[in-house]
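Data first, discussion second: the structure below is written as structure tokens.
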Amino acid sequence: MTILAAWRRALLVLALLAVSSIARTQGVEAPEPSATTREVLVMLRLPPLHFRPDAGYIGGYSTQSGSAARQRIAEDLATRFKLRIVNNWPMPALGVVCFVMEAPEDLPLQPLIERMSNDARVESVQAMNLFRVLAHDDPLYRLQPTAGLWHLDELHRVATGRNVRVAAIDSAVEVDHPDLRGRIVLARNFVDARDAVAEVHGTAVAGIIGARADNSVGIVGVAPDAELMALRACWERPADESAAVCSSFTLAKALQFAIDNGAKVINLSLGGPHDRLVERLLAVAVSRGAIVVAAADTRFAKGGFPASLRDVLAVAADDVQDAAETIYLAPGRDIPTTLPGSRWGFVRGSSYAAAQMAGLVALLVDLAPDQSTQQIRETLSTSDRSGTPPRRAIVDACAAVARTVGACACGCRFARGVTATPVHY
Amino acid sequence: MRGVAALLLCAGASGAAAQLSGTLSAVTDYRYRGVTFSDRRPAAQAGFTYDDPIGWYAGAFGSTVRLTPPRASSSNFQTIAYAGYAIRLASGVSLEAGGDYSAFAGASDLNYGEVFVGGATENLNARIYYSPRYFGTTSKAAYGEINVAQPLIDSLRLHLHLGFLRYRYENRYGYLYGVTPVKNVIDGRIGLRADLDMFQFELAWVGVSNHSAAYFITGRNTPNGVVATLSVSF
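Protein chains in written order, with the numbering used here: chain G, 1 to 425; chain C, 1001 to 1234.
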């Protein structure tokens, strides 16, 4: 470690210790949705766009006259099945409009879903699921800079995530945080219509992925030049800031937005029950070239949902036990990152391991924009260098970058005859 | 009999899943491909569309008009019937092919049909139309258009339209004073559209490259101008 690097690290420790006394965030007035466990998602077909000579008609789902027809069908379904329409959202990626309908307390959901699925007007129907972020906020944990483990300084000479659009589907991000100011190209709130109040999990994830580099404060994101999209689909409960929850509906809306806006990397630091709507949207995102990274919940086989999906990169923190072979390990302990209130603190958990992986994937996409998920998998293949007995190894970021560029990426001055070719500075 | 019963069942199921929608509109000036069809006066319009669940669609559109083409009967109502097939690809792009037939009450000599193909995304669409007998003449015409709808804020959109008509002018009425045979006509439209529940309001500027381009159809010249549209969807 150079003297300069040692000083930077010491200063970061001091800065973090200075803010650690206030590292717990203030209470957040997060909205509670209506009783999601009593809600069902009813998908109605969205006809393909086509010729209409109606005056001024140009296209677009919000102005299409057919929306009134679908509302009429939804109202008829609600009357027939004794439901209340709560909300709706067009999802052209699937060719559907998703209506949220609430069932009365005395109506069993599963038989209701079966009966509704037999209605010819319904494209599909499912229960509203809840997801939880997979993290623990642990502000005074021992400092262990991940920048050192992955040699970020050296990787950033080769790639910084420039022009790679990364969607962080999470809780609200503090977009004017000193380390995130100007880094968020799009921020949307899919939870409610109010202005989002910064939340811990989303702000921490965004900072890990793309905090500004070389601004003399805070941390360096894994992909400091990536174009971050802060898509709020989860909300924190005032009683427990670290336990944000999300629903099928909010996640689906955020995924549709990410698809529409060309997200190349989608980070989902969350998990929950299998959800058909979310799975379908993820499949569309992947088919359009997005790389999806999800936090793995190692209590479940293959990491639970959505991490267990075939085309999703499942990531767990490096301290978890018995992670399946399909799950990548990334640093998940003592990660310094951004927190609401212009602060920094330490976090740990698979959520943040996934965020780091999303940043790394952004670097790889920066280097080779048209990579598929399978190609990224091959690039990320780990090698066990820990000796006997063998154990799963943390993803080797330097090796992954080296495989992508076909040249040395880290410690190149020690490599004979092989040098990295800088792409950006 | 079984086959007929199966067909009826399929039709019933399809019908239940089909969607019928429509609009009622009032416009300060009915512009058809940039040209006034209402003599720069207000017009009332209505349209409906039937969407089959597998991609077939059909519909009709009607508008009041004020056409007094030289040496032909006048008309005060236009109907456009159309049908086609559209499919949404995995990429999110919709492709379509179809045809439409435009008929004028009291002026059947202006009736004509055309076929078209096009593609659309949520905020962009483009189509090419071809008619072997444009407005009842022996002339062939091709029309291409590109439309963009750019969201500005939640309920406000910027609409842009650019159209190009390639027309082989063959005047069956003989020489018309002051009319120059026109082969290429460009029309454009730029507007702001606000959506409020089932109502839509648009204020647009409409321009056409040759103001006398459709004189033989309308009997009027078309200056550039501003058009307001109020629609209700059902």
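The C-beta atom is built at its ideal place from N, Cα and C for all residues, glycine as well.
From a predicted model like this one, the values you see are computed outputs, not experimental measurements.
When only Cα atoms are considered, ALA1228 of chain C and ARG165 of chain G end up about 39 Å apart.
GLU227 of chain G sits buried, since 16 or more C-beta atoms from the chains shown fall within 10 Å of its C-beta.
For GLN1078 of chain C, no alpha helix (DSSP H) encloses it; the enclosing beta strand (DSSP E) starts and ends at 1075-1088. When rounded, the separation of the alpha-carbon atoms in VAL100 of chain G and GLU75 of chain G is 11 Å. Taken in chain order, the complete alpha helix (DSSP H) segments of 4 or more residues contained in the segment 242-275 of chain G are 248-260. Scanning its chain for C-beta atoms nearer than 8 Å, with the 5 sequence neighbours on each side dropped, one finds around TYR1030 of chain C the residues THR1036, PHE1037, SER1038, ALA1043, GLN1045, SER1063, THR1064 and VAL1065, in chain order. Annotation for LEU228 of chain G: the continuous beta strand (DSSP E) segment containing it runs 227-232.
In terms of beta-carbon proximity, SER171 of chain G stays away from the interface with chain C, with every pair separated by 8 Å or more.
Annotation: GLU325 of chain G to ARG194 of chain G spans about 42 Å, alpha carbon to alpha carbon.
Each residue's CA atom was taken as its position, placing SER1091 of chain C and GLU1145 of chain C some 22 Å apart. Within the segment 39-51 of chain G, the residues whose Cβ lies closer than 7 Å to any Cβ of chain C are, in chain order, ARG45, PRO47, PRO48, LEU49, HIS50 and PHE51. C:VAL1208 is the residue among C:ASP1052, C:GLY1191 and C:VAL1208 whose C-alpha sits nearest the C-alpha of ASN1184 of chain C. Taking the CA atoms as reference points, ALA400 of chain G sits about 34 Å from PHE190 of chain G. Secondary structure of GLU236 of chain G (DSSP, three-state): strand.
Around the beta-carbon of ARG115 of chain G, fewer than 16 other beta-carbon atoms lie within 10 Å, marking it exposed. In this structure GLY1099 of chain C is in contact with TYR1082 of chain C, their Cβ atoms being roughly 7 Å apart against a cut-off of 8 Å. With respect to GLY207 of chain G, LEU180 of chain G sits close: the two C-beta atoms are nearer than 8 Å. DSSP lists C:VAL1115 and C:ALA1142 as the beta-bridge partner residues of TYR1130 of chain C. Judged by DSSP in its simplified three-state form, TYR1057 of chain C adopts strand.
Residues of chain C with a Cβ closer than 8 Å to the Cβ of ILE73 of chain G are, in chain order, GLN1019. The bridge partners DSSP lists for LEU1192 of chain C are C:LEU1158 and C:LEU1203. Taking 3 residues as the shortest admissible run, the segment 84-108 of chain G contains the following complete beta strand (DSSP E) segments, listed from N- to C-terminal end: 84-91 and 96-102.
Under the three-state reduction of DSSP, PRO336 of chain G is assigned to strand. The alpha-carbon of PRO340 of chain G is positioned some 59 Å away from that of ALA1142 of chain C. Leaving aside the five residues that flank THR1068 of chain C on each side, the residues in its chain whose CB is nearer than 7 Å to its CB run, in chain order, SER1074 and GLY1219.
Boundaries of the alpha helix (DSSP H) harbouring MET357 of chain G: 350-367, taken from the DSSP string.
When the Cα atoms are used, ALA1120 of chain C and CYS410 of chain G turn out to be separated by approximately 46 Å. With contacts defined by Cβ atoms closer than 8 Å, ARG343 of chain G and ASP334 of chain G do not form a contacting pair. Chain-ordered, the chain G residues with CB closer than 9 Å to the CB of ASP1051 of chain C read ARG45, PRO47, PRO48, HIS50, GLY66 and ALA69.
Where ASP76 of chain G is concerned, the enclosing alpha helix (DSSP H) starts and stops at 66-81. Identification of residues in the segment 270-288 of chain G having a C-beta nearer than 8 Å to some C-beta of chain C yields VAL284, SER287 and ARG288, given in sequence order. The beta carbon of PHE1135 of chain C sits no closer than 8 Å to any beta carbon of chain G. When secondary structure is reduced to three states using DSSP, GLY1106 of chain C falls in the coil class, being assigned neither helix nor strand.
In summary, PHE305 of chain G is buried, with 16 or more beta-carbon neighbours lying within 10 Å of its beta-carbon over all protein chains present.
Straight-line measurement puts the Cα of LEU255 of chain G at about 12 Å from the Cα of SER247 of chain G. ARG1127 of chain C belongs to the set of residues whose beta carbon lies under 8 Å from a beta carbon in chain G.
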